[in-house]
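Shown next, in structure tokens, is the structure this report addresses.
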Amino acid sequence: MSGAKHTPGPWKADDYDIITFDVGEGEAHIIATVAHSELGDAINIANARLIAKAPELLAALKDSVYFWCLNCDYHPKPFYAKDCDPECAVLKYLALIDEVKGGAE
């Protein structure tokens, strides 16, 4: 998989629902702001924290998929997605990763 099209992590959520990316020397750029909703401040802040973890969650998912494929007796070695059962969770994870990254690579 090639480089990401999104701003690389780590991202950080503050207590005001703003998600930022540290560019160094104490400067940060805003990635996103969670809209205030009727759900309340605590939920808005929790949503911002979840979004801020997106780059790390994507990286963990990628690592998990490839670790699983390399260590699973079900998948042929070397692993080729075309050889998987269409219902295989690995294919679903790979499709999700591609979707997050902006399309199949």
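Okay, so the sequence shown: first residue is 9 according to this note's numbering, each after it adds one.
We put the beta carbon where it would ideally sit given N, CA and C, even for glycine.
Source: prediction; values computed, not measured.
C-alpha distance - residue i paired with residue j, whole-angstrom precision
i, j, result
"H14", "A54", "21 Å"
"A50", "F29", "22 Å"
"H37", "A62", "16 Å"
"L65", "H44", "24 Å"
"E46", "A56", "15 Å"
"E35", "L69", "29 Å"
When the options are compared against residue i, the one with the closest alpha-carbon
i, options, result
"K109", "A43, A67, D25", "A67"
"Y74", "L102, I39, A21", "L102"
Residues that residue i bridges to, as DSSP identifies them
i, result
"G110", "Bridge partners of G110: none, in fact."
Supposed close pair residue i, residue j - CB separation, criterion 8 Å
i, j, result
"D25", "V42", "4 Å"
Any non-hydrogen atom of the ligand NAP closer than 6 Å to residue i Cβ
i, result
"E46", "As far as ligands go, the structure on display features none, and thus does not contain the ligand NAP."
Proximal residues to residue i (C-beta, below 7 Å), its chain only, five neighbours per side dropped
i, result
"G17", "P63, E64"
"A60", "W19, K20, A21, I27"
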